[in-house]
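K.L.:
Going by UniProt numbering, the sequence shown runs without a break in its numbering and finishes at 345.
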Amino acid sequence: MSASDISAESLPTPDLHDAGITSGALARELGISPTTLRSWDQRYSLGPTRRERGRHRRWSPQDIATVRDMCRLTASGIPPAEAARTAKARAEQRQLPDSTATTTLIAAAAPPPDEARASASSGLPTGATRAGFRGLARAALRLQSADIEEQLNSYVQEHGVIAAWEELMMPALHAVGRKWESAGDRYVEVEHLLSWHVSTALRRAQALPEPARKRRNDPPVLLACVPGEQHTLPLEAIHAVLSQRGESVRMLGAALPAEALIAAVRRTGPAAVVLWAQTRSLASTPLAHHLLRLAWGANGARQQASVVLAGPGWRGMTVEGSVQPGGLREAVALLAPARLPARAL
């Protein structure tokens, strides 16, 4: 079964009898790997409830209904842990009296906390956010470039870069990443295609609407990944928002050597340096401290850049004098010229 076949609407419904089937047979029927089934059993207790002596474990129709729910939920982009909770709640609901079942079903159908927060912050109804996300995830799984491009661009135009990043782009990228991790080597092409289209949409967004006139005399904001870091999309989102505002910004990209970043700071005299780290192992506190001490300009009027440590790799680390935004919205607010001017010594 191809990736394009796996969607909330197209998951197969095999004709299974009361004797149950083996894990291998169920995996083939649902188009997932046996490893994924074993992982769901070990992590979320979604395994078969019956085992016969000397034989493989058998999946009953009730077990199969639960794992089929799990497939549908994860295919729609819901995180595996949340999907497992919902699938198990629905399984319990199917065996409860009507009055209790109604309450359980309502709880199981509640949107994930992240989605609820995104909808509340944007003013969008939960249904609109969910529908847009599902449509994008479905197009990505089917490698439908035209549909991906259309959905991303229309969402950006209607709701803006920040809302598109928080409510559509980032959740879809995370969902595809989780699917890739749980399916071995499958879906890598999906993640690459979606990432390319997100990057393209963010660059196109700089002209939607007409960008403000660049303030050429303002010190720029430098955007760079720490050495070894390849994830640039969050910085591209910051670049798109700042460019729309007409602010001076320089994108230095992925895996920038420390020496190159230091040279760029000395040459441009930035108001701020945003240093992105996706993983803790790559977050370099010595580099952050060095940037905070780095100064330029004539004696008596020397200046320093503000240092913004962005990304999950910095969580739990303390670098005195730096700021650590919690997300795109907070980062671009901190990077307004009035908030982070170049600091005089």
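For glycine and all other residues, C-beta sits at the position ideal for the given N, C-alpha and C.
Pick helix, strand or coil for G31, following the three-state DSSP scheme.
P.N.:
coil
K.L.:
Along the chain, where does the alpha helix (DSSP H) that runs through V161 open and close?
P.N.:
Per DSSP, V161 belongs to the alpha helix (DSSP H) from V161 to A164.
K.L.:
Is R142 helix, strand or coil by DSSP?
P.N.:
In the displayed model, R142 falls within coil according to three-state DSSP, outside both helix and strand.
K.L.:
With distances taken between CB atoms, is the gap from G313 to L282 smaller than 8 angstroms?
P.N.:
Their beta carbons are under 8 angstroms apart, which means G313 touches L282 by this criterion.
K.L.:
If you count every other CB in all the chains shown that lies within 10 Å of the CB of P325, and 16 or more means buried, which is it?
P.N.:
buried
K.L.:
Quick one: what's got a C-beta closer than 6 angstroms to R329's C-beta in the same chain, skipping five residues either side?
P.N.:
I162
K.L.:
Using only the alpha-carbon positions, how far apart do L194 and V156 sit?
P.N.:
C-alpha separation (whole angstroms): 15 angstroms.
K.L.:
Based on the DSSP secondary-structure assignment, which residues constitute the bridge partners of V274?
P.N.:
L223 and V308
K.L.:
Are the Cβ atoms of L141 and Q151 separated by less than 8 angstroms?
P.N.:
Contact flag unset, no.
K.L.:
Do you know whose CA, among L30, L256 and A263, lies nearest S284's CA?
P.N.:
L256
K.L.:
Does the CB of V156 have a neighbour CB from chain D at under 8 angstroms?
P.N.:
Looking for chain D here will not work: only one protein chain is present.
K.L.:
Let's see if you can read the secondary structure: which residues bound the alpha helix (DSSP H) around L252?
P.N.:
Element bounds for L252: not the alpha helix (DSSP H) but the beta strand (DSSP E), V249 to G253.
K.L.:
Taking only three categories from DSSP, how would you classify L335?
P.N.:
coil
K.L.:
Mind checking which residues open and close the alpha helix (DSSP H) that includes residue 347?
P.N.:
The displayed coordinates of the chain run from 1 to 345. Any statement about residue 347 would go beyond what the structure contains.
K.L.:
Quick one: what does DSSP say V319 is sitting in, helix, strand or coil?
P.N.:
coil
K.L.:
Grouping DSSP H, G and I as helix and E and B as strand, with all else coil, what is I21?
P.N.:
strand
K.L.:
For the alpha helix (DSSP H) containing H289, name the first residue and the last one.
P.N.:
T285 to R293
K.L.:
Would you mind stating whether V308 and V332 have Cβ atoms separated by less than 8 angstroms?
P.N.:
Remark: C-beta atoms of V308 and V332 do not approach each other more closely than 8 angstroms.
K.L.:
Measuring CB to CB, does P220 end up less than 8 angstroms from R250?
P.N.:
yes
K.L.:
Determine the DSSP secondary structure at Q157, reduced to helix, strand or coil.
P.N.:
helix
K.L.:
Is the CB-CB distance between P234 and G311 below 8 angstroms?
P.N.:
yes
K.L.:
Measuring alpha carbon to alpha carbon, tell me which of Q303, E320 and G269 ends up nearest L287.
P.N.:
E320
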